[in-house]
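Visitor: Here it is, the structure in full.
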Amino acid sequence: MAKDIEDGRHSVQEKTIITEVPGDKEHVELAATTVEIPDYTPAEVRRILWKLDLRLLPMLAFFYLLAFLDRGNIGNAKVAGMQTSLGLTGSQYNVALTVFFIPYSLLEVPCNVVAKILKPHIWLSIMMFFWGICMTLMGVVHGYGGLIAARWFLGVCEAGFFPAAAFLLTLFYCRYEVLRRLAVFYSCASLSGAFSGLLAFGLEKMDGVGGLAGWRWIFIIEGFLPIITSVFAFFIVPDSPETCKGLTQEERNFVVHRLQMETGSGMGQVTNNDKMTFGMVLAALKEWRTWAAVVMFWGCATAVYAFTFTIPVVILELGYTAANAQLMTIPVYVVAMLFVIFWAYVSDHFKVRSTFIVIGFMFAVCGLIALLCIPHPKMPGVTYFFLFPTAMGIYCPQQLIVSWTANNSAPSSKRAIAMALLLSIGNLSGVLGSNIFIQNEAPRYWAGYGTCLGLVVAAQIMALVLRRSYAKINAERDLMSEEEIRAKYTDLELIQMGDRSPFFRYTL
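Printed below as a string of structure tokens:
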């Protein structure tokens, strides 16, 4: 129970928050601690969230822009002459795209285990430094083997970044606040495409500088950026609300308390202070709904990776010069970025995920069908136009899916594994996305556009299946009274149950 105290400025309440106490490695020990929290007005709550936004979003968005820039700039390098310079033949370019995703996907779950154990400022800094090294070295390779090795180790070093950064946001924001922040953060994947085209356009002009081809400078310059940034990241990345600089102690307590009350029913509590245990890892791995979400993630991720690697080439094949093809990718990515943010705000406003996943994918369905039907390359303007709804429809559902998984996974250790599992298996779609746009099918790309269309439709069907499952469980829990639940379980048992608690309600 909360106890009101008057401090001269606010009505201060004594509230209970759950904190971790020392225990052995196999058991979670939590304790209830009473803290004083002012009764903040809605305007003051928005001010606190704004302080968190300024502390987290520009930083993480810039980091992710660098990550996506470095994994996708190989498409720009190809247009700039890399394939000819390295003597790549047949499917060698596609293999170079593919090898990145093998370690990138397989290492995401263990990386998020490390992220939960290590402090985020240490883990994120380490990853950025080493993927910058790999990217820089890619600019000095002299053959197919060197390119393959550099792409492999780039995948190793980038593997844990996105799941760790996305998980970090869930430690600061409530379930209907986190998506719009994830969207701003993730939209930098779209923005990186635009920035990559612009940067590649400029770096190509360095052709011959230092005796190096222009495509090499794309890798070298874009590799130095994360190396430099990693030094700053070590000092500025916050580890948790409890230790976040820029907030008062009362504000920190308030952020922690409101997150712990996020059960969806107004009763019970969840916690972000649980330890990572083997049992919680198993609980996440055995959750079939997370595996079902992977199907949805494949629908957008396959298309996103295929689109990123192929769009400069598609535009080039419409009859434009290489330089203009680089520049013409920019409007497509900018529009996609703005739509991702808008769609996230709408979903948060209506507090629904599945509906907006299905509708979002419809933009991609319309765009992909059109690209399959257009008689390439006879109608370049029409082809270019339909790249826009395609980009909007494949980018906007991705963070809805990540957010939906995060909203419905508790406590935080299970959420960390569930998010990493979704991204790990989901990002294996990069292997598929790297190989479905086959050069000898240019400019129609039947396999590429057709595969993306099939996966998008499958994702829509799975979204409806998951919604039905979650709604059924919510309805069953609504029939249970609070007295009945508390008679059966202790408070600590309910907290440790996470999303299995009868108090927990799933987001639809």
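The sequence shown begins at 72 in the working numbering and counts up by one.
In this text, a Cβ means the ideal position worked out from N, Cα and C, and glycines have one as well.
Just so we're clear, the structure is a prediction, and the values are computed from it rather than from any experiment.
(1) Could you tell me whether the Cβ atoms of T300 and F139 are closer together than 8 Å?
(2) So, do the segment 478–495 and the segment 329–346 have three or more beta carbon pairs nearer to each other than 8 Å?
(3) Between the segment 160–170 and the segment 217–224, do three or more beta carbon pairs fall short of 8 Å?
(4) Is it the case that the Cβ atoms of L579 and R538 are separated by a distance below 8 Å?
(5) Pick from M153, T381, A236: whose alpha carbon is nearest that of M130?
(6) Taking the DSSP output, what are the residues bridged to I219?
(7) Report the rounded CA-to-CA distance for I173 versus G501, giving the unit in angstroms.
(8) Suppose you measure from the CA of L283 to the CA of I291; what does that come to, to the nearest Å?
(9) Report all residues from its chain with a CB closer than 7 Å to the CB of F574; omit the five preceding and five following residues, and keep chain order.
(10) My guess is that P181 and L242 are in contact by the Cβ rule of under 8 Å, so how many angstroms apart are they, rounded?
(11) Report the residue from A530, R576, M277 whose alpha carbon sits nearest the alpha carbon of M551.
(12) Any heavy atom of the ligand ADP closer than 7 Å to the beta-carbon of L318?
(13) Could you compute how far the alpha carbon of R571 sits from the alpha carbon of W359?
(14) Do three or more CB pairs link the segment 463–474 to the segment 354–373 at distances below 8 Å?
(15) Considering Cα atoms alone, identify which of Y455, L128, W202 is closest to A230.
(16) In terms of residues, what are the limits of the alpha helix (DSSP H) holding V185?
(17) Would E553 be called buried (16 or more neighbouring beta carbons within 10 Å of its own) or exposed?
(18) Does the Cβ of M450 have 16 or more other Cβ atoms within 10 Å, making it buried, or fewer, making it exposed?
(19) So C205 and L177 are supposed to be a Cβ contact under 8 Å. How far apart are they, rounded?
(20) Output needed for C437: all residues of its chain with C-beta closer than 7 Å, excluding positions within five of it in sequence on either side, in chain order.
(21) From what residue to what residue does the alpha helix (DSSP H) around Y455 run?
(22) Would you call the segment 415–423 and the segment 493–509 touching, i.e. three or more CB-CB distances under 8 Å?
(23) What residue does the alpha helix (DSSP H) around Q320 start on, and which one ends it?
(24) So, at 6 Å on beta carbons, what are the nonlocal neighbours of A415 in its own chain, with the 5 sequence-adjacent residues on each side left out?
(25) From E293 to A151, what distance separates their C-alpha atoms?
(26) F575 by DSSP, collapsed to three states: which one?
(27) Where Q531 and V429 are concerned, what is the direct C-alpha to C-alpha distance, given to the nearest angstrom?
(28) For F427, I'd like the list of residues in its chain whose CB is within less than 7 Å of its CB, leaving aside the five on either flank, ordered along the chain.
(29) Count the CB pairs spanning the segment 190–199 and the segment 501–514 that are closer than 8 Å, and state whether there are at least three.
(30) Pick out whichever of L356, N147, M199, E179 has its Cα sitting closest to the Cα of W286.
(31) So, for W288: in the same chain, excluding its five sequence neighbours on each side, which residues have a beta-carbon less than 6 Å away from its beta-carbon?
Guide: On the basis of the coordinates in this document:
(1) Within the sequence shown, numbered from 1, the residue matching residue 300 stands at position 229. Within the sequence shown, numbered from 1, the residue matching residue 139 stands at position 68. Cβ atoms of T300 and F139: not closer than 8 Å.
(2) yes
(3) yes
(4) For this step, residue 579 is matched to residue 508 along the sequence shown. For this step, residue 538 is matched to residue 467 along the sequence shown. A contact, by the Cβ cut-off of 8 Å.
(5) Taking the sequence shown and counting its residues from 1, the one referred to as residue 130 is at position 59. Checked all of M153, T381, A236; the closest Cα to M130 is A236.
(6) Taking the sequence shown and counting its residues from 1, the one referred to as residue 219 is at position 148. DSSP output for I219 lists no bridge partner at all.
(7) Position 102 of the sequence shown, counted from the first residue, corresponds to residue 173. Position 430 of the sequence shown, counted from the first residue, corresponds to residue 501. Those two C-alpha atoms are separated by around 9 Å.
(8) Here residue 283 is taken as the residue at index 212 of the sequence shown, counted from 1. Here residue 291 is taken as the residue at index 220 of the sequence shown, counted from 1. Cα to Cα, the separation comes out at about 10 Å.
(9) In the sequence shown, the residue the question calls residue 574 occupies position 503. T334, S336, M338, G339, I556, L565, listed in sequence order.
(10) Taking the first residue of the sequence shown as 1, we reach residue 181 at position 110. Taking the first residue of the sequence shown as 1, we reach residue 242 at position 171. About 20 Å; that fails the 8 Å criterion.
(11) The count along the sequence shown starts at 1 and reaches residue 551 at position 480. For the residues A530, R576, M277, the minimum Cα distance to M551 belongs to R576.
(12) Questions concerning the ligand ADP fall outside what the structure shown contains, since it holds no ligand whatsoever.
(13) Walking along the sequence shown from the start, residue 571 turns up at place 500. Walking along the sequence shown from the start, residue 359 turns up at place 288. When rounded, the distance between both Cα atoms is 14 Å.
(14) yes
(15) Against the sequence shown, residue 230 aligns to sequence position 159. When only C-alpha atoms are compared, the closest one is W202.
(16) Taking the first residue of the sequence shown as position 1, residue 185 is located at position 114. Run containing V185: 179–188, per the alpha helix (DSSP H) assignment.
(17) Here the question's residue 553 lines up with position 482 in the sequence shown. It counts as exposed.
(18) Taking the first residue of the sequence shown as position 1, residue 450 is located at position 379. Exposed, since its Cβ has fewer than 16 Cβ neighbours within 10 Å.
(19) What you label residue 205 is simply residue 134 of the sequence shown in a count that begins at 1. What you label residue 177 is simply residue 106 of the sequence shown in a count that begins at 1. That pair is no contact at about 17 Å.
(20) By one-based count along the sequence shown, residue 437 stands at place 366. Excluding residues within five positions, the ones whose Cβ falls inside 7 Å are P460.
(21) As a position in the sequence shown, residue 455 is number 384, starting the count at 1. 451–478 is the span of the alpha helix (DSSP H), which, as asked, contains Y455.
(22) no
(23) Along the sequence shown, one-based indexing puts residue 320 at 249. First-last of the alpha helix (DSSP H) with Q320: 320–331.
(24) Looking up residue 415 in the sequence shown gives position 344. So the qualifying residues of the chain are L250, R251, A254.
(25) One-based indexing of the sequence shown puts residue 293 at position 222. One-based indexing of the sequence shown puts residue 151 at position 80. Those two C-alpha atoms are separated by around 15 Å.
(26) Within the sequence shown, numbered from 1, the residue matching residue 575 stands at position 504. Three-state DSSP puts F575 in coil, outside helix and strand.
(27) Walking along the sequence shown from the start, residue 531 turns up at place 460. Walking along the sequence shown from the start, residue 429 turns up at place 358. For Q531 and V429, the distance between alpha carbons rounds to 5 Å.
(28) Counted from its first residue, the sequence shown places residue 427 at position 356. Contacts found: W414, V417, S418, L471.
(29) no
(30) Along the sequence shown, read from residue 1 onward, the residue named residue 286 stands at position 215. With distances taken between Cα atoms, W286 lies closest to N147.
(31) Locating residue 288 in the sequence shown gives position 217, where the first residue counts as 1. Answer for W288: L274, M277, listed in chain order.
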